[in-house]
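*Asks:*
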Amino acid sequence: MKRRPLCIFCVLFLTVQAIRVLFFGAGDYTSALGQIVNRNNKGEINLILTGTADRIDEKESVTAVRVKGNAVSFYSGSDRKIARQSVFGKSDGHRSSYDFSQELPRKIWEEKVLVYLEKEDAAHIKIGNKLKIKGKASAFETARNPGNFDQRAYYKRQKIGAYVWADEVGILSGQTECIRQFLHEFRQGWKKLLVGCLGSYYGNTISAILLGEKGDLDPYMKKLYQKNGIGHLLAISGLHMSFIGSGLYGFLRKRGVGFPVSGAVGTIVLLFYTVMTGASISALRALIMFSVRMGAEVTGRDYDLPTSLAVAAALLSAKDPLCLSDAGFLFSFGSLCGICMLTPLFECLFGCGTEKKNIWTHMGKAVSASLAVNLFLLGPMLYFYFEIPPYSVFLNLFVIPALPVIMGTGLSGSVMILLVKPIGIILLKSSGVILWAYDRLCSAAVMLPFGRITAGKPSVQLLVAYYVILFALYGMYRRFPKKIWGYMLFVSAAFLIVLCGAKNRDIEGIKITVLDVGQGDGIVLSGKGKNYLIDGGSSDVKQAGAQRIEPYLLSEGIGCLDYVFVTHGDEDHISGIRELLEGQKLGVRIDTLVLPPEEYHDEKLADLARIAVENGTRVVSVKTGANIYGRGERQTEKNDSKEVMRLRCIGPLTDIPQGLTKPKAGNEASLVLEFSYGNFDMLFTGDVEGAGEELLVKSDVLRKYEILKCAHHGSKNSGTAAFLEKTDPRAAIISAGIDNRYGHPHEETLNRLKKRKVKTYNTQTDGAVTIKSDGIQISIESFLLSK
């Protein structure tokens, strides 16, 4: 390192930037519009904005336009009258603040706004046009459960505080940025050509590989690549830049063009390519490193990979310090750090670091590089995706060498199809064949034993310890080049995986999380080696299973649910479960689906049972009085000891006492479950109401509980005074959607709980609510309040 002063300087600069971000909030951005929208009760507000179209992204059904330099004014939805307040001046481009506790400001300045338009409204908009847009501004969603994607934080790093659904749009100025608009139209035309030749599935895949156009990627294919550790193929990276830039540079040099001109042409072409593909962090990193390499070639100096990598990281962090916490930054730079640092250790271990060249040394070097990348990226892989694809080491040995072939046939085929159409089609189809092979390999890999290891999200302290060990092993190898350091790398990786999994699985007692799924229910129980899900669905959150329930499960290290209980067949209780059942191949496995007694089944439950069977999940109908215990626990007379975890079905009753009404299938006949662990008891009530709740009260199956999961999202027809008298809870949890159309939870229900001095938690305000107990002590934590 002593011979790399520039590298040392850049590393020190990166260290300072990281400290500034972690401890002093460097690069933090506060959006004035975001503050207004977030504090608005309904989460949206009417506005008129005037700004310049900066970027246009075509989506499947809408067009997203990023508008910069926005003057924003507000009006009420009824009379369009602008609220009175002093003018809010232009911000400094980094941070703006305002006291929004009073009236709305008359006008604010917002650096960037994301605007969604209907395709026909956006058809004539070009990059550089000055626009006037009237619409409704809404807040980006923040993560409301552990492990969920934080949309608000993601856009905050891009200095975008809110998005707008446009009702009307007008073009005030026809001025355009000619080069960027040409590149945008060229990209869209190229994508259309690829999709037209290869079809939607493979056409959009190769569009992502060549053009960075990922908006229309097939969700299953994207998830398949990510689960197998080859998702990097869909990002514009050094492989793309090296193929295009180095290929063009080498082509010009072989034809006698000088170093300066060849390097300049290669760099300029890559600059346009980077702009056309969206200028992602990985693309910018590759562009900077290619420019450094060309500079070395032109000046006759040796190209040094570590120095080039450090320069790229320093330049990007200087422009935006928050990029240091971006997943794209960590994966892009981490892969090359792994190659620089850990590859020599594995080459020493496998004995392929010699000058002697044969097929075995080439294979050894390839395996060494793949292992180095995978082990170095183990931290961010677990932190962002919670799983490890063990076979990615071997998959990458095939997919990476084949990527230049895909790019070569894709590029040449796109040109040839305009000149000699049959040849162009053959070339493009050949790239589709390779993509088909990728799919088959990935599908086979996830079916192998240990195809995915779900360890959960590691703590920051665990990650720090892991990387301290990696750097220490690298330092020891530099000083004493021995095979032992390569073996120690495997030990370190195992150390991270095992401890991460142990952290998420070794629960002292039990853990119950009432997830925020919007207007619906989703409750996860873990403990004693078992994992249960009670309901899982939403009527106002799309893909609640894939976006809210599954990420939480994976972040907790739960790759398999032993039992999934369905209280009844309403969509807000089963939509997410349906997603989980259909997505088991790449998601969370479900061993057993538990339905209410058969006499209370309806068409929706029958359809759910069919989907479960088709996807290899056992289906049973529970009987009232049935018990389920923790792993290794038997049904004995000692079931009341604090070591035993029991889930007992107490409703709906099938034997109806004389004089009482039998509940109807649906809400009244919801599955009611009683959970006990030592001195801790909790009641899960589904949507039970009316005759079903009355039957529970009068049949003496209820007792006192520490915590009550309120029925039917806190509706006024559930949780009657008689029911609360019987159950006498110390705390109650309500799961309901923000601004739901039913008005849940109802004021009468809240008043009944307040009258009994029951501490009430609500997912509307608390997000996910987590209960932990060792059988004696109980703790309740709100996710949003603890963030």
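Okay, so the sequence shown: first residue is 92 according to the working numbering, each after it adds one. Built from N, CA and C at the ideal position, the CB exists for glycine as well. Keep in mind the model is a prediction, meaning the values are calculated, not measured.
(1) Would you say residue 474 faces chain D, with C-beta separation under 9 Å as the test?
(2) May I have the straight-line CA-CA distance separating residue 634 from residue 525, to the nearest angstrom?
(3) With contact counted as at least three CB pairs below 8 Å, one residue from each stretch, are the stretch 758-770 and the stretch 819-828 in contact?
(4) Can you tell me the Cα-Cα spacing of residue 774 and residue 285, whole angstroms?
(5) So, at 7 Å on beta carbons, what are the nonlocal neighbours of residue 873 in its own chain, with the 5 sequence-adjacent residues on each side left out?
(6) Just reading off the beta strand (DSSP E) that residue 611 is part of, what are its end residues?
(7) Could you give the first and the last residue of the continuous beta strand (DSSP E) run that contains residue 142?
(8) Put residue 665 into one of helix, strand or coil per three-state DSSP.
(9) For residue 727, count neighbouring Cβ atoms within 10 angstroms of its own Cβ and tell me buried if that reaches 16, exposed if not.
(10) In its own chain, which residues sit with a C-beta less than 8 Å from the C-beta of residue 180, not counting the 5 before and 5 after it?
(11) Could you name the residues of the same chain whose beta carbon sits closer than 6 Å to that of residue 756, not counting the 5 residues immediately before and after it, in chain order?
(12) Using DSSP's beta-bridge definition, name the partner residues of residue 654.
(13) State buried or exposed for residue 816, treating a residue as buried only when at least 16 other CB atoms are found within 10 Å of its CB.
(14) Look at the alpha carbon of residue 846 and the alpha carbon of residue 689, and state the distance between them as a whole number of angstroms.
(15) Measuring only the C-alpha atoms, how far is residue 397 from residue 458?
(16) Let me make sure I understand the geometry here. Which of 702, 711 and 696 has the alpha-carbon closest to that of residue 675?
(17) Can you give the beta carbon distance from residue 649 to residue 667, rounded, assuming they're within the 8 Å contact cut?
(18) Using 8 Å for Cβ pairs, my map puts residue 251 next to residue 221. What's the rounded Cβ distance?
(19) Could you tell me if residue 187 is buried or exposed, where buried requires 16 or more neighbouring beta carbons within 10 angstroms of its beta carbon?
(20) Going along the chain, which unbroken runs of the beta strand (DSSP E) with 3 or more residues stay wholly within the stretch 809-845?
(21) Please determine, among 622, 799, 587 and 248, the residue with the shortest C-alpha to C-alpha distance to residue 602.
(22) Quick one: what's got a C-beta closer than 6 Å to residue 489's C-beta in the same chain, skipping five residues either side?
(23) Within its chain, find whatever has a CB closer than 6 Å to the CB of residue 119; leave out the 5 residues flanking it on each side and keep chain order.
(24) Where residue 269 and residue 351 are concerned, what is the direct C-alpha to C-alpha distance, given to the nearest angstrom?
(25) Alpha helix (DSSP H) containing residue 786: first to last residue?
(26) On the three-pair Cβ rule with 8 Å, is the stretch 251-265 touching the stretch 208-226?
(27) Roughly how many angstroms separate the alpha carbons of residue 784 and residue 747, rounded to a whole number?
(28) Could you spell out where the alpha helix (DSSP H) holding residue 388 opens and where it closes?
(29) Can you tell me which of the three DSSP states residue 541 falls into?
(30) So what does DSSP say about residue 419, is it helix, strand or coil?
(31) Quick check: the Cα distance between residue 878 and residue 607, rounded to an integer number of angstroms?
(32) Counting along the chain, where does the alpha helix (DSSP H) carrying residue 165 start and finish?
(33) What are the uninterrupted segments assigned as beta strand (DSSP E) that are 3 or more residues long and contained completely in the stretch 490-556, given in chain order?
(34) Under DSSP, the alpha helix (DSSP H) around residue 130 begins and ends at which residues?
(35) In terms of alpha-carbon separation, which member of 653, 708, 610 and 647 lies closest to residue 669?
(36) Leaving aside the five residues before and after residue 421 along the sequence, list all residues of the same chain whose C-beta is less than 6 Å from its C-beta, in chain order.
*Replies:* In terms of the structure at hand:
(1) The structure shown contains no chain D; it holds only a single protein chain.
(2) Going by the C-alpha atoms only, they are around 31 Å apart.
(3) With the cut-off at 8 Å, the stretch 758-770 and the stretch 819-828 do not touch.
(4) The straight-line gap separating the alpha-carbon atoms of residue 774 and residue 285 is approximately 56 Å.
(5) Only 852, 857, 858 and 860 meet the Cβ criterion.
(6) 611-618 is the span of the beta strand (DSSP E), which, as asked, contains residue 611.
(7) Here the beta strand (DSSP E) through residue 142 covers 135-149.
(8) Helix at residue 665.
(9) Because the pLDDT of residue 727 is 48, which lies under 50, any placement of that residue in the model is unreliable, and the question is left without a value.
(10) With a pLDDT of 34 at residue 180, under the threshold of 50, the predicted position of this residue should be treated as unreliable, and no value is reported.
(11) Here the set comprises 691 and 693.
(12) 623 and 683.
(13) That one is exposed.
(14) A straight line joining the alpha-carbon of residue 846 with that of residue 689 spans about 38 Å.
(15) Those two C-alpha atoms are separated by around 21 Å.
(16) Selected option, being the one with the closest Cα: 702.
(17) About 15 Å separates the two Cβ atoms, so there is no contact after all.
(18) Rounded to the nearest angstrom, the Cβ distance from residue 251 to residue 221 is 19 Å, too far for a contact under 8 Å.
(19) Only weak support exists for where residue 187 lies, its pLDDT of 39 falling under 50; the value from the coordinates is given anyway. The C-beta of residue 187 has 16 or more other C-beta atoms within 10 Å across all chains shown, which makes the residue buried.
(20) Fully enclosed beta strand (DSSP E) runs of 3 or longer: 822-825.
(21) When each option's Cα is compared against that of residue 602, the closest is 622.
(22) Excluding residues within five positions, none has a Cβ falling inside 6 Å.
(23) Closer than 6 Å at Cβ, skipping near neighbours: no residue.
(24) Straight-line Cα distance between these residues: approximately 27 Å.
(25) Start and end: 781-789.
(26) Contact between the stretch 251-265 and the stretch 208-226 is present, because at least three Cβ pairs lie under 8 Å.
(27) For residue 784 and residue 747, the distance between alpha carbons rounds to 13 Å.
(28) Residues 372-390.
(29) In the structure shown, residue 541 falls within a coil segment according to DSSP collapsed to helix, strand and coil.
(30) Three-state result, residue 419: helix.
(31) So the alpha carbons of these two residues sit roughly 15 Å apart.
(32) No alpha helix (DSSP H) holds residue 165; the beta strand (DSSP E) holding it covers 153-165.
(33) Secondary structure in the stretch 490-556: no beta strand (DSSP E) run of 3 residues or longer lies completely within the stretch.
(34) Counting along the chain, the unbroken alpha helix (DSSP H) around residue 130 starts and ends at 123-130.
(35) Scanning 653, 708, 610 and 647 for the CA closest to the CA of residue 669 turns up 708.
(36) 471.
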